[in-house]
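Undergrad: Using the UniProt record's numbering, you'd call the opening residue of the sequence shown number 1 and step up by one each time.
Glycine included, C-beta positions come from ideal geometry on N, C-alpha and C.
Here it is, the structure in full.
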Amino acid sequence: MNWASESRQSIPAGAASARVETLCLEGELSEQDLHGVCEELFRRLQRGLRQAVVDFSEVAHMDYRGVKGLVARAEGFRRAGGDIKLSGLSPYLAAILRAAGAHGAFEVYPHMSDARAAFALARAPFV
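Spelled out as structure tokens, the structure:
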């Protein structure tokens, strides 16, 4: 499994600064690979990250047995006042999420930029 991380700082008008980190996954993800992703998300949560996007646009397959841990990690982010959003899921990967019981556990976006923008929209002040 290969994955990269990117972080951007943005300050919408009238909102506090918030960091969104994106984990870009690729290849075929085994249960152990997904466990590693969950561990990395946990470490980042412990360091103060509250907003993460996990991008699956370069993932061909993932083991359904690793999905439960990803759901648990998202729940941890939510308890801490943040969230994990998913992007780039093919119909095949979306079917794996549904089969693993995670169909309503995540906000899913077609592109990484859409998921990142959703965090900014959630912080935008209403006039």
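Going by Cα to Cα distance, which pick from 48, 47, 115 is closest to residue 89?
TA: To locate residue 89, count along the sequence shown from 1; it is residue 89. Of the listed residues, the one whose Cα sits closest to residue 89 is 115.
Undergrad: Helix, strand or coil for residue 87 per DSSP?
TA: Here residue 87 is taken as the residue at index 87 of the sequence shown, counted from 1. Here residue 87 sits in strand by DSSP.
Undergrad: Going by other Cβ atoms of all chains shown within 10 Å of its Cβ, with 16 needed for buried, is residue 121 buried or exposed?
TA: The residue given as residue 121 occupies position 121 in the sequence shown. Label assigned to residue 121: exposed.
Undergrad: Can you name the start and end residues of the beta strand (DSSP E) that residue 19 belongs to?
TA: Along the sequence shown, one-based indexing puts residue 19 at 19. Note, residue 19: beta strand (DSSP E), 18–29.
Undergrad: Report the three-state DSSP secondary structure of residue 77 (helix, strand or coil).
TA: Within the sequence shown, the letter at position 77 stands for residue 77. Reduced to three states, the DSSP call for residue 77 is helix.
Undergrad: What is the DSSP secondary structure of residue 114, reduced to helix, strand or coil?
TA: Here the question's residue 114 lines up with position 114 in the sequence shown. Residue 114 falls in the helix class under three-state DSSP.
Undergrad: Once the 5 residues before and after residue 100 are set aside, which same chain residues still bring their CB inside 6 Å of it?
TA: Working through the sequence shown from its first residue, we reach residue 100 at position 100. The residues are 64, 67.
Undergrad: Who are the near neighbours of residue 56 in its chain, counting only those whose CB is closer than 8 Å to its CB and skipping five residues on each side?
TA: Working through the sequence shown from its first residue, we reach residue 56 at position 56. Cβ neighbours of residue 56 beyond the five flanking positions: 25, 62, 86, 87, 88, 89, 90, 93.
Undergrad: Give the straight-line distance between the Cα atoms of residue 113 and residue 38, rounded to the nearest whole angstrom.
TA: For the purposes of this step, residue 113 is taken as residue 113 along the sequence shown, with counting starting at 1. For the purposes of this step, residue 38 is taken as residue 38 along the sequence shown, with counting starting at 1. Near 22 Å, if we compare the C-alpha coordinates of residue 38 and residue 113.
Undergrad: Tell me the DSSP bridge mates of residue 108?
TA: Residue numbering aside, residue 108 sits at position 108 when the sequence shown is read from its first letter. Note: residue 108 sits in a beta bridge opposite 86.
Undergrad: Measure the alpha-carbon distance for residue 82 versus residue 51 and round it to whole angstroms.
TA: The residue you call residue 82 lines up with position 82 of the sequence shown. The residue you call residue 51 lines up with position 51 of the sequence shown. Taking the straight line joining both Cα atoms gives about 5 Å.
Undergrad: Classify residue 79: buried if its beta carbon has 16 or more other beta carbons within 10 angstroms, exposed otherwise.
TA: Translated into positions along the sequence shown, residue 79 becomes position 79. Exposed, by the Cβ-count rule.
Undergrad: Less than 7 Å separating the beta-carbons of residue 165 and residue 54?
TA: The chain is shown only over 1 to 127; residue 165 falls outside these bounds and no answer can be derived.
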